[in-house]
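Written out below as structure tokens is the structure these notes cover.
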Amino acid sequence: MSDSASRIDVQPIRIVARGAAPQTVRTNRWSEGIESFFVRHRERLIWLHAAMFVVFLLVIGLPPLLPDPPESATPWTHYTTFANWLLWGVWFPLVFLSVIFTGRSWCGIFCPMGAATEWTNKVGLQRPIPRWMRWEGTPAVSFIAVTLLGQTLGVRDHAEGAAVLFGGTMALAMLTGFLYGRKKRAWCRHLCPIGRVLGLYSRLGPVNIEPQVRTAGEDIYSLKGACPTMIVLPRKAESRHCIECFRCVNPGAKGSLRLVFRGFGSEIERIRSHRANFAEAWMLFLDTGIALGGFLWLILPQYQRLRQGVAEWAIARDWAWLFESGPSWLMSVHPQRGEVFWWLDFFMIIAFMTGFMALVAAVLGSLTAAAAWLSGRTGGDTTARQRFTELGYQYAPVAMVSLIVGLGSGLFDPIALTPLGPTGAQAAKGLLFLLGAAWSVWLGARILARQGVPPDRRWLPLLPGVLGSALVGLAWWPAIFGL
16 MSDSASRIDV
26 QPIRIVARGA
36 APQTVRTNRW
46 SEGIESFFVR
56 HRERLIWLHA
66 AMFVVFLLVI
76 GLPPLLPDPP
86 ESATPWTHYT
96 TFANWLLWGV
106 WFPLVFLSVI
116 FTGRSWCGIF
126 CPMGAATEWT
136 NKVGLQRPIP
146 RWMRWEGTPA
156 VSFIAVTLLG
166 QTLGVRDHAE
176 GAAVLFGGTM
186 ALAMLTGFLY
196 GRKKRAWCRH
206 LCPIGRVLGL
216 YSRLGPVNIE
226 PQVRTAGEDI
236 YSLKGACPTM
246 IVLPRKAESR
256 HCIECFRCVN
266 PGAKGSLRLV
276 FRGFGSEIER
286 IRSHRANFAE
296 AWMLFLDTGI
306 ALGGFLWLIL
316 PQYQRLRQGV
326 AEWAIARDWA
336 WLFESGPSWL
346 MSVHPQRGEV
356 FWWLDFFMII
366 AFMTGFMALV
376 AAVLGSLTAA
386 AAWLSGRTGG
396 DTTARQRFTE
406 LGYQYAPVAM
416 VSLIVGLGSG
426 LFDPIALTPL
436 GPTGAQAAKG
446 LLFLLGAAWS
456 VWLGARILAR
466 QGVPPDRRWL
476 PLLPGVLGSA
486 LVGLAWWPAI
496 FGL
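Following my numbering, the numbering of the sequence shown begins with 16 at its first residue and continues without gaps.
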């Protein structure tokens, strides 16, 4: 191999942002090789989508048709147990971890729901996307609703519940594609309960697709153009909506976008230049709270005491309907497995989770407001709202870890089967959370630096963020180390 072939070839991409001097983002041999691979095989992705659709049917649709596994079953001795582990111990946590390294590659390359919504769009009505769907809070409502329904259905314990949740979500994705958009993925941009969450955390990742020459101005929304998620490509400045389908990448064209590598967390460090979003900052707080609530109701004795108190109160008022079971598409109704939820359980779970979500959001929001105020007092620029929005993003790492530890705890189960035992699994959870918390503190410091807070005064507005990460860690203590 010649010396020239062994070197990393670097080509500049000219980026011109409003109010800033031109800067250069560089591609290298690795990024060019990756984009070249996907450009060459872009037309073949449909076969991968079809294969993932078959996998979806096997993991979601087949287990409810099989006999219940025995109590001694393991993922290697019974298919239903294997499918459950594959769903909650592999897919869910690894999809969230993947955004740290590859962005929303799951959405554009692998996701069967995204592919299905696009397939139905080709033969659908292609109506205009309604205004309510384009509201910034719609993805948060979708994520919260699906998380609540997942808990009341017992999706991690019952294959039927998983089939209802994921099958229903697939049906909604296909219906949305059939009804709305013209050659667009309205589902992926606006309604997918996991897509916008992945997009939020993709801001932490080192992979981005950027225009070679960026047009001055902020990102805007447009139903025209080639991008299936309605990004105006010459103005693309943020990664959260990009599903990495590589349709905008054509290395031979001057107007093409290119795959580039960047530092971990660099988009959040410079969030002011990447369209910091007030609703997205609050979504971080809500995500953390709903994940905590979804785990803690299962293990806290306080929840059981509260449920008992509400039950006695309802009995005293002769509210007998609260002690009847509801439809199986709303709650867990499995008498053969010894679990039947009443309407009491349905409302209690929802009330506890939403209440805890509101509490966590209020605490983190208050601490972020305090940090924004202190930033302004110590030299931070712009408005208090802008500082609040920017500083809200510091919780992205700890919020993502919360989802992995709480809702994807099956990822750590294999560690308990090794010589490390349960202690090793707890240690892995604790280490992951510590890394997330430390990263959050680091991002907070970098954001404050960008706001103009001098180094010798930066510690003061950083304290609320440190306290917030510590409080989240304290709340997750039962999930990591037990009661």
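Glycine residues also receive a C-beta, built at the ideal position from the N, C-alpha and C atoms. On a predicted model such as this, the values are computed, not experimentally measured, just so you know.
**OP:** State whether the segment 210–219 contacts the segment 293–310, with contact taken as three or more CB pairs (one from each stretch) at a distance under 8 Å.
**Re:** yes
Subject >> Residue span of the beta strand (DSSP E) that contains leucine 274, given as start and end >> reply: 272–276
Original post:
For threonine 404, is the classification buried or exposed, using 16 other Cβ atoms within 10 angstroms of its Cβ as the cut-off for buried?
Top reply: With 16 or more other Cβ atoms within 10 Å, it is buried.
Original post:
Quick one: Cα of glycine 152 to Cα of glutamate 253, how far?
Top reply: 18 Å
Original post:
Cβ atoms of arginine 262 and arginine 57: under 9 Å apart, would you say?
Top reply: yes
Original post:
Counting along the chain, where does the alpha helix (DSSP H) carrying asparagine 43 start and finish?
Top reply: Unbroken run through asparagine 43: none, as it is neither H nor E.
Original post:
Of all the options Val138, Glu225, Ile159 and Phe158, which has the alpha carbon lying nearest to the alpha carbon of leucine 194?
Top reply: Leucine 194 has its Cα closest to that of Val138, out of Val138, Glu225, Ile159 and Phe158.
Subject >> Minimum C-alpha distance to glycine 459 - residue among Glu225, Gly104 and Gly483 >> reply: Gly483
Subject >> Opposing strand residues paired with glutamate 354 [DSSP bridges] >> reply: His349
Original post:
Is alanine 414 near phenylalanine 496, with beta carbons less than 9 Å apart?
Top reply: no
Subject >> Limits of the beta strand (DSSP E) - the one that valine 222 falls within >> reply: 222–226
Original post:
So arginine 287 is in the alpha helix (DSSP H); what residue range does that whole segment cover?
Top reply: That residue, arginine 287, is in no alpha helix (DSSP H); it is neither H nor E in DSSP.
**OP:** Can you give me the Cβ contacts of alanine 177 inside the same chain, cut-off strictly under 7 Å, excluding the 5 residues immediately before and after it?
**Re:** Result list for alanine 177: Ile75, Leu102 and Val170, in chain order.
Original post:
For valine 264, which of helix, strand or coil comes out of DSSP?
Top reply: strand
Original post:
Quick one: what does DSSP say serine 340 is sitting in, helix, strand or coil?
Top reply: The three-state reading of DSSP puts serine 340 in strand, counting E and B together.
Subject >> Cβ pair glycine 129, isoleucine 49 closer than 9 Å >> reply: no
Original post:
What is the DSSP secondary structure of arginine 332, counted as helix, strand or coil?
Top reply: coil
Original post:
Where does aspartate 333 land, buried or exposed, given buried means 16+ other C-beta within 10 angstroms?
Top reply: exposed
Original post:
Counting pairs of beta carbons, one from the segment 420–437 and one from the segment 367–382, are three or more of them closer than 8 Å?
Top reply: Too few Cβ pairs lie closer than 8 Å, so no.
Original post:
For alanine 186 versus tryptophan 202, is the C-beta distance shorter than 9 Å?
Top reply: No, they are not a contact pair.
Original post:
Per DSSP, isoleucine 246 is paired with what?
Top reply: Tyr236
Subject >> Simplified DSSP state of arginine 142, which is helix, strand or coil >> reply: strand
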